[in-house]
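Chains as they are written, first to last, in this note's numbering: chain A, 2 to 335; chain B, 2 to 335.
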DNA sequence: TTGTATGCGTTATCAG
DNA sequence: CTGATAACGCATACAA
C-alpha cells in the first residue's frame, strides 16, 4: 500500500505537507498542492483511515445492532441508517443479535473495541444490563424502536401503546369480542406496551381478556405460526380476531389459518404491526399499524451524526405516531 | 479510554507485558498474567482494535456491498455473511449501491480506505471498471450472485441459465406460448444469462419471442409493476405467462395483474426467481426458482475468511444448482 | 520471563 | 507556506 510518505518522496516534500494538501488545508501553496494531488492520484494513494482514526480519535464508523436483518422492518431501518451514514462518509457496521442478550452484549463490546463513533441499537432488552454497558461506555448511541429502563436515553420510536390501541379498537369497532394478541419477546418494551394497551382497550369495552388469547411469542414468522396454531386449534375456543405484534408474525398467523381451512377475514380477522412493504401486496392486503421504518433509521442516524459533530445537541426522544392501515384481513365479526 | 499503559501502570509492569498477557501469549508468568487480566477487567480496559489493526496490517472487518439491503434476497445473503463473520470476530461493513456504478465505486473506495480485510460484493456490474478496481487493489474479495467479465475472480452463484431454463420450460410444459420475460438491470450478468436462456428455450420450442415481451427492467417491485403494466395493458397483445427475473419483481407483476382485474394463474401465470421467504406465504404461493441465499452468504464469507488466514486457498468458484418450486401462480394455458 | 525501543500511517504542534 | 517531531495505542524484535 502506498502511503503518505511515498507521495511525499515522489513530489519532494515532507509528509506533513502531503497530509495537509490531502486534507484540503488552505495553508499550502496551490501549486505544490496540485502536484501532490496529482502524484497521489497516479500512485494510487488511498488514505489509511485506520491510522487517521487512531490519531483523530474517531473511526468514522457507526454500529448498527438489529435483532435480525432478515426482518423487513429492520432492513428498512438499516437502509435508512445506511443512507444517512454513507452520505456523510461514515461506515455502518452491522450485527444481528436474534434478540439474545449474550450476543447483544458481545457485539456491543466488539463495536466498542472497534471504536465506533456511535451506535444505533434496535434490539435493546429490558432484562439485560444493556443500558449500563452503553451509557457507561461513553459512546454516543440512540435506540430505535426500542426503549430502555433508563428514561434519559435518546430514542426514536413510534407510540406503541397508541398503535396497539388503534389495532384493538379497530377490531372492537368491527364487533369482535374474542380478540387474541400475539406479542413479541416479553423482555422488549414495545412488546409489553402493545400488550398493555391491548388489555386496556379490552377492559374499557368490558371485554373479557382470556389468558389463552394472550401470548408473548416473538417477532418471527415461526413464532406467529406456533402461537397462531395454539390459539386456533380448538374450534370452540377460537378467537375471531388476532392482533399480532408484528407483520412477520401476522404472516405466520395467516399461514396457519389458511392451513386450518380458516378464511381470512370471514372466519378470522388479522391485524399486524409495522406495515412492511409486503403487507400491501394485493394477495396479502394485511391490515396493520404503520411505522415509518426507513425514516426512523434516517432520523436516528441523522441525530447521531449531528451529535458527533456537535457536542451539545440535546438528546433526541422522538415519538412518531403510528397509523392504522385498514386493508383486507379484517372484517366485521360474524 | 483506558489503554494498555494504564493497565501496565496499575499492575506495575511494562506495556509490552500487558500486551502479551492480553493476547494470551504463553511466554508470560502465569501469576502476573492473572494480575494483569484482573486489573484490565476492573479498569474496564477494551483493546483498541484500530491501533491493533494499524500494526497488524489487518482491520478485522469485511465489507459487504449489496444493491439494496431491503431486498429479501440480499438481506438473506447479508445474514449469512454476518453469521460467519461474527462467529470469527470479524465486523461487517454494509453498503447499498442501488446498482449504481458511481455509488458502487465510491463505496468500494471507502472500504479500501477503511482497510477492510476482504470484500463480498453482490452488486458487480458489467459496464463498470469494478473488476480492475477490485483486483488491482489487492484486497481479497468474492462475488456473490454476480459475475464479472474476468473469468478468474472467485464467486458463489447459482446457475442462472439453468434456473431460467427451469422456469421457462415449466411454462412451456404448461402449454404457454405467449411467454414474457422481465429482467433485472441489463448490465448485470445474471440478468443477461436469464434473458439468454429464456430466448434459447423459446427457440428450442419454436416459440416466437416477441420484442415487447422481453424487457430489462430492474430488481425492484416498482420495476415489476412498471414493466408488467406495459405488457399487460393491451388485451390483444397480452402474454399468458410472465417470468420475472426476481421474486420482488414478480410481486410487482402480481400487483398490476390484480389491479387490471386479471386472475393469477387463470388469466396469467407468473414465475419469480430467488424464493424469498414471502414467496411461500399461503396468500402468495409464488412459483419460483429457489436460490439458497443465506447459504450463499455463508459460503462466500467462509471462503473469504479462510483465504485471509491461509495464503493459498484456491479461488472459490462455486456454482449452486437452482431448483424449480412450483406453487400456485402458474397453471396450464387456457 | 520481562523491559526497551521501534514502527504501523496519520495528524497536530511548533518552529522556521 | 513548509518541515521536524511527537503523539495516537498497540505489537514485536531485540536485549536483558
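Each residue gets a CB set at the ideal place from its N, CA and C atoms; glycine is no exception.
Can you pull the chain A neighbours of residue i, defined as C-beta to C-beta under 8 Å?
| i | result |
| --- | --- |
| residue 223 of chain B | The contacting residues do not exist; residue 223 of chain B stays about 11 Å from chain A at best. |
In angstroms with no decimal places, state the Cα-to-Cα distance between residue i and residue j.
| i | j | result |
| --- | --- | --- |
| residue 49 of chain A | residue 146 of chain A | 35 Å |
| residue 59 of chain B | residue 3 of chain B | 22 Å |
| residue 98 of chain B | residue 40 of chain A | 29 Å |
| residue 197 of chain A | residue 217 of chain A | 12 Å |
| residue 158 of chain B | residue 205 of chain B | 25 Å |
| residue 9 of chain B | residue 18 of chain B | 8 Å |
| residue 163 of chain B | residue 324 of chain B | 9 Å |
| residue 293 of chain B | residue 235 of chain B | 37 Å |
| residue 233 of chain B | residue 248 of chain B | 18 Å |
| residue 257 of chain A | residue 264 of chain A | 11 Å |
| residue 278 of chain B | residue 94 of chain B | 24 Å |
| residue 175 of chain B | residue 284 of chain B | 22 Å |
| residue 5 of chain B | residue 46 of chain B | 8 Å |
| residue 1 of chain A | residue 302 of chain A | As displayed, chain A neither begins before 2 nor continues past 335, which places residue 1 of chain A out of reach and without an answer. |
| residue 120 of chain B | residue 105 of chain B | 12 Å |
| residue 154 of chain B | residue 316 of chain B | 7 Å |
| residue 222 of chain A | residue 25 of chain A | 52 Å |
| residue 13 of chain B | residue 28 of chain B | 18 Å |
| residue 209 of chain B | residue 185 of chain B | 22 Å |
| residue 215 of chain A | residue 319 of chain A | 29 Å |
| residue 1 of chain A | residue 116 of chain B | With chain A represented from 2 up to 335, any question about residue 1 of chain A goes unanswered, as that position is not in the structure. |
In three-state terms, what does DSSP make of residue i?
| i | result |
| --- | --- |
| residue 181 of chain B | strand |
| residue 97 of chain A | strand |
| residue 64 of chain A | strand |
| residue 42 of chain A | helix |
| residue 56 of chain A | helix |
| residue 33 of chain A | helix |
| residue 275 of chain A | strand |
| residue 91 of chain A | coil |
| residue 162 of chain B | helix |
| residue 223 of chain B | helix |
| residue 230 of chain A | helix |
| residue 191 of chain A | helix |
| residue 119 of chain A | strand |
| residue 78 of chain A | helix |
| residue 124 of chain B | coil |
| residue 299 of chain A | helix |
| residue 111 of chain A | helix |
| residue 366 of chain A | This structure gives no information on residue 366 of chain A, because the portion of chain A shown stretches from 2 to 335. |
| residue 143 of chain B | strand |
| residue 320 of chain B | strand |
| residue 216 of chain B | strand |
| residue 252 of chain A | helix |
| residue 202 of chain B | helix |
| residue 265 of chain A | coil |
| residue 242 of chain A | strand |
| residue 287 of chain B | coil |
| residue 270 of chain B | strand |
| residue 325 of chain A | strand |
Anything in chain B within Cβ reach of residue i, meaning under 9 Å, just list it in chain order.
| i | result |
| --- | --- |
| residue 71 of chain A | 73, 76, 77, 79, 80, 278, 295 |
| residue 268 of chain A | What residue 268 of chain A touches in chain B: nothing, since even the nearest Cβ is about 14 Å away. |
Determine the chain A residues that contact residue i at a beta-carbon separation under 7 Å, and present them in chain order.
| i | result |
| --- | --- |
| residue 252 of chain B | 282 |
| residue 248 of chain B | Near residue 248 of chain B there are no residues of chain A at all, since even the closest Cβ is about 10 Å away, more than 7 Å. |
| residue 7 of chain B | The contacting residues do not exist; residue 7 of chain B stays about 15 Å from chain A at best. |
Name the chain A residues whose beta carbon is nearer than 9 Å to that of residue i?
| i | result |
| --- | --- |
| residue 1 of chain B | This structure leaves residue 1 of chain B out entirely; chain B is present only between 2 and 335. |
| residue 87 of chain B | 96, 97, 104, 107, 108, 111 |
Residues of chain B with CB under 7 Å from residue i, in chain order?
| i | result |
| --- | --- |
| residue 256 of chain A | 282, 283 |
| residue 259 of chain A | 283 |
Give me the chain B residues within the contact set of residue i, using Cβ-Cβ distance strictly less than 8 Å, ordered along the chain.
| i | result |
| --- | --- |
| residue 83 of chain A | 70, 95, 96, 97 |
Inset, instruction - Report the residues of the stretch 37-60 of chain A with a CB closer than 7 Å to any CB of chain B, ordered along the chain. - result: 47, 48, 49, 50, 51, 52, 54, 55, 60
Legend entry - Residues in the stretch 92-103 of chain B having any Cβ partner in chain A nearer than 7 Å: 92, 93, 94, 95, 96, 97
Inset, instruction - Closer than 8 Å, Cβ to Cβ, to anything on chain B: give me those residues from the stretch 154-176 of chain A, in chain order. - result: none
Legend entry - Near-chain B residues of the stretch 111-126 of chain A (beta-carbon distance less than 7 Å), N- to C-terminal order: 111, 113, 114, 115, 116
Inset, instruction - Give, in chain order, every residue of the stretch 294-324 of chain A whose Cβ lies closer than 7 Å to some Cβ of chain B. - result: none
Inset, instruction - For the stretch 309-328 of chain A and the stretch 164-184 of chain A, state whether three or more C-beta atom pairs, one from each stretch, are separated by less than 8 Å. - result: yes
Legend entry - Stretch-stretch touch, CB-based, cutoff 8 Å, three pairs: the stretch 184-196 of chain A with the stretch 110-127 of chain A: yes
Inset, instruction - Could you tell me whether the stretch 58-77 of chain B touches the stretch 294-306 of chain B, where touching means 3 or more Cβ pairs closer than 8 Å? - result: yes
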